[in-house]
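In terms of numbering that gives the first Met the number 0, the sequence shown has 215 at position 216, counting the first letter as 1, and numbering is strictly consecutive. Ideal placement from N, C-alpha and C gives every residue a C-beta, glycine not left out.
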Amino acid sequence: MNDATNERKIEHIQAIEDDALTDRMGNYFDQVKLTHRALPQIALKDVNTQCYFLDKQLSFPLLISSMTGGDHQLIRRINRNLAIAAEQCGVALAVGSQRVMFNNEAAKESFELRQFAPSTVLLSNLGAVQFNEGYGIEHAKKAVEILDADGLYLHLNALQEAVQFEGDTDFSQLNERIASVVQGLDKPVLLKEVGAGFSCADIDLGLEAGVRYFDVAGKGGTSWSRIEHHRNQHRQSEGSNPADQLGLSFQDWGIDTVSALKMLNGYTDRSTLISSGGLRNGIDMVKSVILGASICGMAAPFLKPAMESPEAVVEQIERLRKEFKTAMFLLGIKDVNSLINNDSLLLNERY
Ligand SMILES: Cc1cc2nc3c(=O)[nH]c(=O)nc-3n(C[C@H](O)[C@H](O)[C@H](O)COP(=O)(O)O)c2cc1C
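Below, the structure written as structure tokens:
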């Protein structure tokens, strides 16, 4: 543990472990009512949850969202356990920000995951704002190379950076930097938030920059504002003011995942939407797909199992798959393609 970025990754995990309310439990998916079928006219055994993402087959549309990486035994274990389980279950996995490997050579090992997940979708991750702070296409290429990734997530975390005492807050003309990464990289670039959601204006800028994959990562689940608040509380000696309540004031800021999906539904002909932020079960996943998402991400629900073992992660994935399949059965839907954007499965608000 010899640099600030590395240390920060452990502090994030600590804050989530110590404070259950870093998960805001917005339960926004409860507002989405589905048309239960008393007579589904299909057999449960015939429900097929398989789907394709980035040209690879997945057993169902689950992505373990970006979490961590760094030079620490716990972090190496988390990523290894996630990779083994993702491969075994045929789901996608994204790693946490790889910025740490540019500051600390020893952090690279935590991202060498292809050996544990030879065939499934793996996604790299960098903070988009770093491309306003000196990063260039070579950083993007190295991040993808070490993971042998199928694509690169660029995360947009303006709220988190604004609340962080050492945050990078120059987001000016960032879409131009994103466009140059899209042009220079031979893998798809995906844009994601980290828990505050996307608006139509954001997607318009992303599309202009050449991005075709958007992970809304809306509010309702993990609050980075609240996590950074905890870090600020412990940082008096380094210039932060513990009396500063900015992180708490903004802990519920943003666009919730359900509203984001509804708002962005008109973009599904031009882009692939990923639903994440506060999804907590397979029913939330089914609702996300009905609202237009091609795949669903979850981060915090995988943290504890990942600290334990690959088996604990597999158990969590299998629970989600069972819920996802059961919900499809109860809607009378046999395949994932028939779920995507299927408005007829939404119970009319009038009832
Ligand atoms: C421990 C932890 C670390 C995270 N680190 C990153 C990161 O490095 N990069 C990133 O893009 N998102 C990161 N996230 C955000 C998640 O990928 C996700 O967008 C967000 O947590 C919302 O999903 P959730 O409510 O299921 O946790 C992290 C989340 C957690 C829980």
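- In this structure, ligand 1 has no non-hydrogen atom nearer than 7 Å to the beta-carbon of S224.
- Distance from the CA atom of R75 to the CA atom of T21, rounded to whole angstroms, is 23 Å.
- DSSP places N103 in the coil class of the three-state scheme, outside both helix and strand.
- Residue environment for H233: exposed (fewer than 16 other C-beta atoms within 10 angstroms of its C-beta).
- Remark: the shortest separation between the CB of K191 and any heavy atom of ligand 1 falls under 7 Å.
- Take P117, set aside five residues on each side of it, and no residue of its chain has a beta-carbon closer than 6 Å to its own.
- CA-to-CA, the gap between R176 and I202 works out to about 15 Å.
- Per DSSP, F213 is not a residue of any alpha helix (DSSP H); the beta strand (DSSP E) it occupies stretches across Y212 to D214.
- When DSSP states are grouped into helix, strand and coil, A195 belongs to the coil group.
- For E6 and L206, the gap between their C-alpha atoms comes out near 35 Å.
- Taking the Cα positions, V215 is about 6 Å away from K191.
- Taken through DSSP and simplified to helix, strand or coil, G246 comes out as helix.
- Residue burial is scored here from C-beta neighbours: C199 has fewer than 16 other C-beta atoms within 10 angstroms and is therefore classed as exposed.
- In this structure, the straight-line span from the alpha carbon of T48 to that of A311 is close to 22 Å.
- Taken in chain order, the complete alpha helix (DSSP H) segments of 4 residues or longer contained in the segment 27-88 are 72-88.
- Here the alpha carbons of D283 and L272 stand approximately 15 Å from one another.
- Taking 4 residues as the shortest admissible run, the segment 276-307 contains the following complete alpha helix (DSSP H) segments, listed from N- to C-terminal end: 281-289 and 302-307.
- Cα atoms of S171 and Q129: separation of roughly 12 Å, rounded to the nearest angstrom.
- Taking non-hydrogen atoms of ligand 1 into account, the C-beta of P300 is found less than 7 Å away from one of them.
- Per the C-alpha coordinates, the member of N103, Q250 and L112 positioned closest to I77 is L112.
- For K333, same chain residues with a beta-carbon under 7 Å away, outside a window of 5 residues either side, are I41, D45, V46 and N47 in chain order.
- S337 has its CB no nearer than 7 Å to any heavy atom of ligand 1.
- The distance from the Cβ of S96 to that of H138 is about 11 Å, inconsistent with a contact at the 8 Å cut-off.
- Ligand 1 has a heavy atom closer than 7 Å to the beta-carbon of H11.
- F323 and F52 have their alpha carbons spaced roughly 17 Å apart.
- Annotated as proximal: V181 and V210, with beta-carbon spacing under 8 Å.
- Excluding sequence positions up to five before and after L43, its CB lies within less than 8 Å of the CB of K324, T325 and F328, all in the same chain and listed in chain order.
- Around the beta carbon of H35, fewer than 16 other beta carbons sit within 10 angstroms, so the residue counts as exposed.
- Burial is judged here by how many other beta carbons sit within 10 angstroms of a residue's own beta carbon; K8 has at least 16 and is buried.
- DSSP lists Y152 as the bridge partner or partners of N124.
- In the three-state reduction of the DSSP assignment, T21 falls in the helix class.
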